[in-house]
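S.K.: To convert, take the position in the sequence shown, counting from 1, and add 20; that gives this note's numbering.
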Amino acid sequence: MNDASSTTRGIDRAFVDAAAALDVFRRDALAVGACARGAERLAACLGAGKKILICGNGGSMADAMHFAEELTGRFRMDRPALAALACADPTHLTCVANDYGFEQVFSRWVEGLGREGDCLIVLSTSGNSANIVRAVDAARARGIETIGLLGRGGGVLLGVCETEIVVPGETSDRIQELHMLILHAWVESIERALGHAA
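If you want it as structure tokens, here you go:
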């Protein structure tokens, strides 16, 4: 059984690793610039009366849901609800997975709900998930702008989305932590751009 000092060292190691990944990311001017472009495009989308769609698998789905509720609900202060929707309806996911295959759960959703001028954010720690790739294809075919939050070099999605941010990290947890930080920064930027920030 680990003693208290060993547990403390393990927790501190996690904090050190997370801080190191963030430091590497912050020094990547291209990635930070892409984050800024993403924020501007999302704000423009909402300002034009369009909506943001967002999807991901597993923990990335949880992050997608969290981002959407920050916009439809409340972030730091009261303001009008903003149009955002995460693909997390279990009836849709299980229906499409059963009838068409899991690789189509997000693309069918984009086909049904996405409209020209909307934005689709995809979250993938590998950039290789077949259902995410299909969602991007479906969005691009419909004039929906695509923004990718990726990891591990971007995978097959590298160079496919109009805006892409590839974060550092060897494991999904570190990658997802940076994705969530970017999503929070985007909510803050969107509110500021739309005149809702304090």
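We treat Cβ as the ideally placed atom computed from N, Cα and C, and that holds for glycine.
1) Using only alpha-carbon positions, find the residue among V125, V180, I202 that is nearest to P188.
2) What distance in whole Å lies between the Cβ atoms of A159 and V186, which are believed to be in contact at a cut-off of 8 angstroms?
3) With A104 and T92 assumed to form a contact (beta carbons below 8 angstroms), what rounded beta-carbon distance in angstroms separates them?
4) When DSSP labels each residue in this structure, what does E165 get in the three-state scheme?
5) For T145, count neighbouring C-beta atoms within 10 Å of its own C-beta (all shown protein chains included) and say buried if the count is 16 or more, exposed if not.
6) Using DSSP's beta-bridge definition, name the partner residues of G76.
7) If contact is defined by three or more beta carbon pairs under 8 angstroms, each pair taking one atom from either stretch, is the stretch 165 to 181 in contact with the stretch 37 to 45?
8) Rank V125, Q196, V153 by C-alpha distance to the C-alpha of G179 and give the top, closest one.
9) Considering only the alpha carbon of each residue, which of F95, A150, L73 lies closest to E165?
10) State the Cα-Cα distance for the pair L143 and G175, rounded to the nearest angstrom.
11) Use the C-beta contact count for F35: other C-beta atoms within 10 angstroms, 16 or more gives buried, fewer gives exposed.
12) Does the stretch 54 to 64 come close enough to the stretch 199 to 218 to have 3 or more Cβ pairs within less than 8 angstroms?
13) Do F95 and V207 come within 8 angstroms of each other at the CB atom, strictly closer than that value?
14) Hey, would you say A54 sits closer than 8 angstroms to T183, going by beta carbons?
M.R.: By the coordinates alone:
1) The shortest Cα separation from P188 among V125, V180, I202 belongs to I202.
2) Actually they do not touch by this definition, with Cβ atoms about 19 angstroms apart.
3) About 6 angstroms separates the beta carbons of A104 and T92, which is inside the 8 angstroms limit, making them a contact pair.
4) It is a strand residue.
5) The residue is buried, with at least 16 neighbouring Cβ atoms inside 10 Å.
6) Paired residues: L143.
7) No, the stretch 37 to 45 is not in contact with the stretch 165 to 181.
8) Checking every option, the nearest Cα to that of G179 belongs to V153.
9) It is L73.
10) L143 and G175 have their C-alpha atoms spaced approximately 12 angstroms apart.
11) Burial check for F35: the Cβ neighbour count within 10 Å stays below 16, so the residue is exposed.
12) The answer is yes - the stretch 199 to 218 touches the stretch 54 to 64, with three or more Cβ pairs under 8 angstroms.
13) Contact: yes.
14) Yes.
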